[in-house]
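Protein chains in written order, with the numbering used here: chain A, 283 to 443; chain Y, 283 to 443.
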């Protein structure tokens, strides 16, 4: 029996985010899931997101990494509390810092693969590393710190709710 | 007599980049100019670029900073060679590394202002700092390293041409 992938973003109702929101119809609509201890995102671009002809814009790559790791931080926090993504309280994360090192051009015409790993979870903070792969090669490496900006048990009325 | 702003991007014909390309009609179409020793970009968002309701997506902010600093690197390199932006050879820059620290939410409903400064120009490398301002407050700080990836005097046929 084939298990369907359980995408983190399917558990974020009302998410209007340009990168990861299911409720943003003009956005990148990324999907992230666990594969062992890594979170994976496979994404296909469109011509408008190029930086040079046939090459993905570096800012869009940063956006993909940013949203993939924020959703990963959420999933990792729930996992650390031994609860599923539909359980309460609801957590949401925003980027504290992101650092991206671009190693080579990322093709805009083939699927892009992101793989993130949790390095540390400490209170409201989740530290992650993430790589981007294109056409079999690693094209970028990133370090990201996510900060929990919403906890439904205490942040009612927050802009991040 | 009022001097019109001389936007860096007006001197990049055929630029299809999502962030800074005049030839990308679905892109962010930023405009950058010198104000003293700082390069400035004022940009107005659209609803689709939000991260949360009314708040700019962090990846789009990184994209703005990325493209603003890459165009600034080009302008600074020409300036360092005492020549104008229409002169030869043509240089283009791509991001080596970008690090963004998010200090507070950036409003998606008011103009966003970026201010970049050159820290170092060394061979093909330009190191810059950049801040983002929203509604009077600094909302993000970035450090960016740009690498010259195209020099029309020797890189004919390059994907970055």
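For glycine and all other residues, C-beta sits at the position ideal for the given N, C-alpha and C.
Please read all numbers here as calculations on a predicted model, not as lab measurements.
Annotation: the continuous beta strand (DSSP E) that includes residue 396 of chain Y extends over 394-404. Given a length threshold of 4 residues, the segment 329-355 of chain A has no whole run of the alpha helix (DSSP H) inside it.
Taking a 10 Å sphere around the C-beta of residue 364 of chain Y, we find fewer than 16 other C-beta atoms and assign the residue as exposed.
If you check the CB distance, residue 410 of chain Y and residue 431 of chain Y do not come in under 7 Å. Going by C-alpha positions, residue 305 of chain A is about 15 Å away from residue 338 of chain Y. Residue range 373-384 is occupied by the beta strand (DSSP E) that includes residue 378 of chain A.
The DSSP-derived three-state label of residue 315 of chain Y is strand. The C-beta of residue 380 of chain A has 16 or more other C-beta atoms within 10 Å across all chains shown, which makes the residue buried.
The three-state secondary structure of residue 437 of chain Y, taken from DSSP, is coil. By the criterion of a C-beta distance shorter than 7 Å, residue 419 of chain Y is surrounded in its chain by 386, once the five residues flanking it on both sides are discounted. Residue-level contact check: residue 379 of chain A touches chain Y, since one or more beta carbons of chain Y fall below 7 Å from its beta carbon. Contact annotation: the segment 343-351 of chain A does not touch the segment 314-321 of chain Y, with fewer than three C-beta pairs closer than 8 Å. Between the C-alpha atoms of residue 390 of chain Y and residue 327 of chain Y there is a straight-line separation of about 6 Å.
For the set A/361, A/357, A/342, A/324, the Cα lying nearest the Cα of residue 393 of chain A is the one of A/324.
Against chain A, the beta carbon of residue 442 of chain Y has neighbours under 7 Å at 334, listed in chain order.
Burial check for residue 405 of chain Y: the Cβ neighbour count within 10 Å stays below 16, so the residue is exposed.
Close to residue 421 of chain A, with beta-carbon spacing below 7 Å, lies no residue of chain Y; the smallest spacing is near 12 Å.
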